[in-house]
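Take a look at the structure set out below.
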Amino acid sequence: MPEPPSSKELPVSLLTDPVMIGACQVRDFGRVFQLVKARAGIYPSMIARRCDLTPSRVGEVIAGRRQLLHMDVIERISDGLRIPGHMLGLARRSWETPRNLTVTPRELPEEPTPAEAQLAAGCLLARPHSAPAWQARRGVPHRHGALAPAAAVSSQRVAGHLREFYEQLEPYRREPVAMAFESRLREILPRQVSGSTRP
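All residue numbers for the sequence shown refer to our numbering, where the first residue is 412 and numbers rise by one.
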C-alpha cells in the first residue's frame, strides 16, 4: 500500500501515466479517483476533503453511479488534487505558476546629474564612426591601427574634459562611470595603449 503523500502534489509518475492522462482527457473522474487512491495513497475521504465534495459523492463517482459535469466542480478537483489544468481541458491554474516568475515593478532610474550628462555627451563625441571618410583617405585601419594625429589630440582633449567631470562626481558614482569610460576608450584608442584611464 503506498504511503500517504506529505504534500498536496500527485506523484509525477501518476500524472505522466497514459491511463491517467486518458482518464483526465475524457473527464472520467471515477477512474481518476481510483488511480489517485491506488497510486498516490489518497483515500476517498481525503479526496472529498481536498476537492470540497462529500465522501458519499466521491464514492458514487468511483462506483460509476454519478458523473461530475459542472465546471466549478472540475476546477475544484483540479485544484484539490493538483491535476494540471491542461490535463482536464482547463486554463492554467494559479498554483501552476512558479513563484520565481512573479513580476516585480522596476523603479525608474534617477535623473543623471549635470556632470553625468556632460560625461555621457563627451563619450558620445569620442566614439568612433563606422569607417569614416578621413580614415579611408589617410589609410588608417578602422579600430585596429593607430589613430591619425588629429584624432589623437582630439581624444586627449575630450579625455581631459571628461576627467574634470569625473572628479566632480560623488564618490559612489565614480566607479561605474569610470569603468564604462575605460571600456569605451579601449574601443577607440589603439591597442598599444595600456594601463588604466581612471584618475
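The beta-carbon is built from N, C-alpha and C at its ideal position, and this holds for glycine as well.
In three-state DSSP terms, what is residue i?
i	result
residue 425	helix
residue 494	coil
residue 420	coil
residue 499	helix
residue 481	coil
residue 569	helix
residue 437	coil
residue 487	helix
residue 593	helix
residue 504	coil
At which residues does the alpha helix (DSSP H) containing residue i begin and terminate?
i	result
residue 443	440-451
residue 471	466-474
residue 456	455-462
Taking the beta carbon of residue i as the centre, do at least 16 other beta carbons fall within 10 Å, making it buried, or is it exposed?
i	result
residue 456	exposed
residue 485	buried
residue 449	exposed
residue 424	exposed
residue 590	exposed
residue 430	exposed
residue 432	exposed
residue 474	exposed
residue 464	buried
residue 459	buried
For my contact list, residue i and residue j are in at a C-beta cut-off of 8 Å; report their separation, rounded to the angstrom.
i	j	result
residue 468	residue 489	So it is not a contact: roughly 17 Å between Cβ atoms.
residue 500	residue 507	Actually they are not in contact, since the Cβ atoms of residue 500 and residue 507 sit about 14 Å apart, beyond 8 Å.
residue 437	residue 492	Not a contact, Cβ separation roughly 17 Å.
residue 487	residue 462	5 Å
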